[in-house]
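The next block holds one structure in the form of structure tokens; read it before the comments.
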Amino acid sequence: MLQKGWAKLRVLEVGKSMAIISLSTKSQDLISKLSQNPDYAALFTSQQTTIERQQILQWIEKTHAIASSDKYASQVASLNASLLRDLHDSLNPPSKKKDKSANWYNRAKYAFLAIAGTIYFGCEGFDGVTAVLAVFSSVPTMVIFAAGAFFSVLSIFVFYSFDLAAISKNLGVKKKDTSQLLDALFTESKQIQAMREELRNSVVTTQEELEENKALAIVLLKRYQALEETRKQLKLALDNPYLIAAKKGTAFVVGLIFLSGGYFAGQTVAMALAGLALASVTHGLGVIIAASCVVALAAFLVYWYVERPGIENLIGRWRGLDQEKIDVLCDPETVKKETRALQSLVDGLELQQQLLQSNTELTAQKTTLSHQLDDLMQLNGLLTIRASEFESQVDALKKQLKSLQLELDRAHNSLIGVQDASKAKNTHNERIDSIVVSLPNATKNGDANTGVNMNTFFGKPQSEEKEGTCIHASELGVEGKEQKVANF
């Protein structure tokens, strides 16, 4: 897991859109061959050992719709598969496995088994058919020998196709097989599925990486959909009546080897059992022939339902039409499932882009709101300080108001006293005015019509009046009336 993480980091460190990927030897060889073609030379150089991710996308985009009839179709499909494998390995380096390459001992053992198998199966094929034909005395010797030689070669061919292939795999001896278009397309399809899984499980955090992954997913989807025409052609080729006839005919002829082997195996056992009961036993005895035919038929049926599909597929592989690979590559349900998975991958990456964009915008808004909150908190602090200052000023103003209220109360009380004094003075002045007005009408004798007895007015008895103290109002001036009243 740590190794995978370092690998991903190493690829991403090169650059968001300029990730450098090391090319495998197979990719370099294919690029060297295709770079000789003017149509493909613009994207590659013959001595190229590394490639940028963008180049892989451009290459697959350029060649995704190449026709299967193109003479470079096999090489293009092989290069696509190899490049996708290199890209996949750059993200997930394959774990180091024990090298099973053959040493000299395994190679020697392989050669020995190949020779031994050739001799054994050659003899088995020759013996079975010749023994069956020898029963019929009318068959010429040359015909028997020719048939034996033919079945001997056929038996060796079956050995090389099945048993020797298993031996080479177990011993680690690699056989050089000619690359077919179907093999390249099958490998490419597998690599597309592997890259889809890698993209689906990858974790990216930037828009650039998501854009790269989406571009790759779109290219993979286009390439996988472009294989549909090739799938149709493969199905048509597989249903070719001549190919079907060749498969059935070859399978039947090979079945004769198993039939003859079963016949003589049954004959041997039947003669041994018959020898226990009969004194004389011959090959032409009816019981022996019947038992031999039953065993031969059983051997043929086992071959027909077990070995025959492999023989027919072997004929198809000669024509580049491996039945097993075609079934995997062209199965309708598999194709629909993979197409939906690739489309779902593209949609998922687009959704991730939208979510990441929304997350980026929300993060920016959060940052902005955080700054605004900080500003508001600072403003709140300033307002709190100003509020404290205003509270102090309000307290001072309240004290001043209270002091002014006290002064106002005192002034109000003083004003009331002044008003009372003014009222008293006015009352006093009115009394004086009334006295002054009544003085000219007073007489010395206290006549009510002409004068007033001042002593009587001021509460003095008349006996105490002196002569000449009676004052007539006409004798008083305006200026001296108060003084006169005061004197009185």
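Okay, so the sequence shown: first residue is 1 according to full-length UniProt numbering, each after it adds one.
Backbone N, C-alpha and C define an ideal beta-carbon position, used for all residues, glycine too.
Quick caveat, the model's predicted, so the values are computed rather than measured.
Item                                                                                                                         : Value
Where residue 130 falls: helix, strand or coil (DSSP)                                                                        : helix
Three-state secondary structure assigned by DSSP to residue 20                                                               : strand
Beta-carbon spacing of residue 330, residue 235 below 7 Å                                                                    : yes
Residues of its chain near residue 85, where Cβ-Cβ distance is below 6 Å and the 5 sequence neighbours each way are ignored  : 191
contact_flag[the segment 217 to 236, the segment 327 to 347] where n(CB pairs < 8 Å) is 3 or more                            : yes
Closest Cα partner of residue 35 within the set 26, 24, 298, 47                                                              : 47
Proximity winner among 107, 87, 149, 109, relative to residue 124 (alpha-carbon distances)                                   : 149
Coarse secondary structure for residue 205, derived from DSSP in three states                                                : coil
For residue 66, three-class secondary structure by DSSP                                                                      : coil
Bounding residues of the beta strand (DSSP E) (the contiguous stretch that carries residue 52)                               : 50 to 52
Start-to-end residues for the alpha helix (DSSP H) that takes in residue 360                                                 : 332 to 438
Under the three-state DSSP convention, the category residue 25 falls into                                                    : helix
Contacting residues, own chain, Cβ-Cβ under 7 Å from residue 338 (five flanking each side not counted)                       : 193, 224
Sequence-distant residues of the same chain with beta carbon closer than 7 Å to residue 114, five excluded per side          : 164
Through-space distance from residue 303 to residue 262, alpha-carbon basis                                                   : 11 Å
Buried or exposed (CB count within 10 angstroms, at least 16 for buried), residue 508                                        : Examination of residue 508 is not possible in this model, given that the chain is present from 1 through 488 alone.
Beta-carbon proximity of residue 74 to residue 184, cut-off 7 Å                                                              : yes
DSSP three-state assignment for residue 89, whether helix, strand or coil                                                    : helix
Buried or exposed by the 16-neighbour rule on C-beta atoms within 10 Å, applied to residue 59                                : buried
Spatial distance of residue 437 from residue 423 (CA atoms)                                                                  : 21 Å
Residues of its chain near residue 226, where Cβ-Cβ distance is below 6 Å and the 5 sequence neighbours each way are ignored : 64, 65
Stretch-stretch touch, CB-based, cutoff 8 Å, three pairs: the segment 238 to 245 with the segment 376 to 383                 : no
Cβ contact (3+ pairs, closer than 8 Å) linking the segment 309 to 327 and the segment 277 to 289                             : no
Pairwise C-alpha distance: residue 360 and residue 187                                                                       : 40 Å
Neighbourhood of residue 67 by C-beta distance below 8 Å, restricted to the same chain and skipping five residues each side  : 73, 229
C-beta atoms of residue 152 and residue 122 nearer than 7 Å                                                                  : yes
Separation of residue 210 from residue 307, as counted between CA atoms                                                      : 50 Å
Unbroken alpha helix (DSSP H) run spanning residue 286, endpoints                                                            : 286 to 302
Pick from 432, 80, 120 that is closest to residue 23, judged by C-alpha positions                                            : 80
Between the CA atoms of residue 213 and residue 20 - distance to the nearest angstrom                                        : 15 Å
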